[in-house]
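J.: Have a look at the structure that comes next, please.
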DNA sequence: CCCTAACCGGACCGAGGTCCAGTTTTGTTC
DNA sequence: GAACAAAACTGGACCTCGGTCCGGTTAGGG
């Protein structure tokens, strides 16, 4: 039992497991516009569901996004929502997909300093700043999508982020344990922490940003810029 | 609406709000043995509930700790459990109280290097190691008790930890933004991260420990020991 | 046109959390 | 030390919501 068979692996019954979840592309950047193979009606319902969910958020906040409400608003049954997105987290993640892919595209192939071409330290700094701003923009959604501590780090988009950060670190610190350091850096950008600091402690964004720059400098043992 | 009035503040009805939750002592160390003022029967039920919960964990794992199951096992009604502990998280936290207080006592008044008397850097290093080992010991419970991203940092025991870490940092780096740095350091010790690394990625404890020592050295810009 | 895999809907379940009428404890007053 | 009133506690019915299941329906290739 426990977090019962996340990705297939334990789906005995007949309805054909199919690929139950979104299967978001790992490092395969923004290209693939949509699901590879979805029956026409399924794709249509998917779009309706996302639209309905977005509308519900706009109207009642993220707390109003009930699976049943979304299903009703989209004119489909509840089972359909779960079949398409797996669970509530999956639906919320799908709503974040757009900004997620944009960020990935930016740091993988966008213009410097985020994209390739700039020195690794600069790219690291830019990555943090970009993530901070994305966090405050979509804080509610990011927080709501972040349940289940055992899955927090498993999601492909986070893995990609971690891999990227570790790679940048490796270019700066060839001999350090860059995987662990990358985790530390990303933890600073955790939406939950950003929420706590900005909304519960009233820390202004400038201080958060300065904190990031300082942190990068310390972790990489480089001099802070300027 | 939203995270509806956590601590009192919005409790209109008559049953008298009382102090709904545990109100764990902030920095007031291990002293106060129990709740300040609890009616005799209430205290007895509280003990029964905790005992029942512990037994359920031992038997069926933390997933078996259903509020209803605990209530039944303790021979009380479900409402009683909620009145006493607020919610499931509160109950789980209460189960962790013992080890929490022990840790607090250790770093506030125990023997060096954890307690006062050792150089701040050493105390910081010892703190991380102690927390790492406590984490692996009680991982399941810590994970289960950690829901609701908006509350992760609000809990008194975490605040105390953060305050302490920030104080140690301040002694080493008088001019840095020690509050933010403390958050970074503590994030490395997050049970969810420890779980991910040890159980999902197979990272051995030695590496985690070395990572902590290295991290402390980098953040404080000191030389790693030895 | 037909067959099958994929999909759909909504009844159903379990668990967290709320509510309130009734009971017990405690302390006060005589 | 008995009676009493207010405060505190109790239990379990009730609600909501995430998640599962499966009989019926539909899309779309052959």
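Protein chains in written order, with our numbering: chain P, -11 to 214; chain L, -11 to 214.
Glycine included, every Cβ here is placed at the ideal spot set by N, Cα and C.
Note that the coordinates shown come from a computational prediction; the quantities given were computed from them, not determined experimentally.
Which runs of the alpha helix (DSSP H), 4 residues or longer, sit entirely within the stretch 39 to 92 of chain P?
T.: For the stretch 39 to 92 of chain P, whole alpha helix (DSSP H) runs of length 4 or above, ordered along the chain, are 55 to 62 and 66 to 73.
J.: Name, in chain order, the residues that DSSP records as bridge partners for residue 106 of chain L.
T.: Answer is L:104.
J.: How big is the Cα-Cα spacing for residue 123 of chain P and residue 178 of chain L?
T.: Answer to the nearest angstrom: the Cα atoms are 20 Å apart.
J.: Would you give the residue range spanned by the alpha helix (DSSP H) that residue 143 of chain L belongs to?
T.: It is not in any alpha helix (DSSP H) - residue 143 of chain L carries neither H nor E in the DSSP assignment.
J.: Taking 7 Å as the limit between beta carbons, can you name the residues of its chain near residue 68 of chain P, skipping five residues before and five after?
T.: The answer, listed in chain order, is 33 and 59.
J.: Please compile the residues from chain P whose C-beta is within a distance smaller than 8 Å of the C-beta of residue 289 of chain L.
T.: An answer regarding residue 289 of chain L cannot be provided, because it is not within the stretch -11 to 214 covered by chain L.
J.: Determine the DSSP secondary structure at residue 133 of chain P, reduced to helix, strand or coil.
T.: In this structure, residue 133 of chain P counts as coil in the three-state DSSP scheme.
J.: Between the C-alpha atoms of residue 174 of chain P and residue 65 of chain L, what's the straight-line distance to the nearest angstrom?
T.: Between residue 174 of chain P and residue 65 of chain L, the C-alpha separation is close to 44 Å.
J.: From the DSSP output, in three-state form, read off residue 208 of chain P for me.
T.: Correct three-state label for residue 208 of chain P: helix.
J.: Can you tell which of P:84, P:71 and P:159 has its C-alpha closest to the C-alpha of residue 39 of chain P?
T.: Of P:84, P:71 and P:159, the residue nearest in Cα terms is P:84.
J.: Can you pull the chain P residues whose beta carbon is under 7 Å from the beta carbon of residue 134 of chain L, in chain order?
T.: Under the 7 Å cutoff, chain P gives 137.
J.: Thinking residue 209 of chain L and residue 206 of chain P are a contact (beta carbons under 8 Å), I'd like their distance in whole angstroms, please.
T.: 6 Å between Cβ atoms; contact.
J.: Touching or not, the stretch 70 to 78 of chain P and the stretch 161 to 172 of chain P, by the rule of three or more beta carbon pairs under 8 Å?
T.: Flag = no, the stretch 70 to 78 of chain P and the stretch 161 to 172 of chain P do not touch.
J.: Use the C-beta contact count for residue 137 of chain L: other C-beta atoms within 10 angstroms, 16 or more gives buried, fewer gives exposed.
T.: Buried, since its Cβ has 16 or more Cβ neighbours within 10 Å.
J.: Taking the beta carbon of residue 189 of chain P as the centre, do at least 16 other beta carbons fall within 10 Å, making it buried, or is it exposed?
T.: Exposed, since its Cβ has fewer than 16 Cβ neighbours within 10 Å.
J.: Would residue 53 of chain P pass as an interface residue toward chain L - the criterion being a Cβ-Cβ separation below 8 Å?
T.: No, its Cβ sits nowhere closer than 8 Å to a Cβ of chain L.
J.: Do residue 212 of chain L and residue 201 of chain L have their CB atoms nearer than 8 Å?
T.: Taking 8 Å as the Cβ cut-off, residue 212 of chain L and residue 201 of chain L qualify as a contacting pair.
J.: Once the 5 residues before and after residue 197 of chain P are set aside, which same chain residues still bring their CB inside 7 Å of it?
T.: For residue 197 of chain P, where only same-chain residues beyond five positions count, the Cβ hits under 7 Å are 117 and 120.
J.: Are the C-beta atoms of residue 29 of chain P and some chain L residue less than 8 Å apart?
T.: No, its Cβ sits nowhere closer than 8 Å to a Cβ of chain L.
J.: Quick one: is residue 57 of chain P near chain L, going by C-beta distance under 8 Å?
T.: With 8 Å as the cut-off, residue 57 of chain P does not count as an interface residue toward chain L.
J.: If I measure Cβ to Cβ from residue 62 of chain P and keep anything under 6 Å in the same chain, skipping five residues before and after, which residues do I get?
T.: Closer than 6 Å at Cβ, skipping near neighbours: 36, 37 and 40.
J.: What number of angstroms, rounded off, separates the C-alpha of residue 107 of chain P from the C-alpha of residue 101 of chain P?
T.: One C-alpha to the other measures close to 8 Å.
J.: Grouping DSSP H, G and I as helix and E and B as strand, with all else coil, what is residue 163 of chain L?
T.: In this structure, residue 163 of chain L counts as coil in the three-state DSSP scheme.
J.: I'd like to know whether the C-beta of residue 216 of chain P is nearer than 8 Å to at least one C-beta of chain L.
T.: The displayed coordinates of chain P run from -11 to 214. Any statement about residue 216 of chain P would go beyond what the structure contains.
J.: Might you give, ordered along the chain, the residues of its own chain that have their beta carbon closer than 7 Å to the beta carbon of residue 57 of chain P, omitting 5 neighbours on each side?
T.: For residue 57 of chain P, where only same-chain residues beyond five positions count, the Cβ hits under 7 Å are 44.
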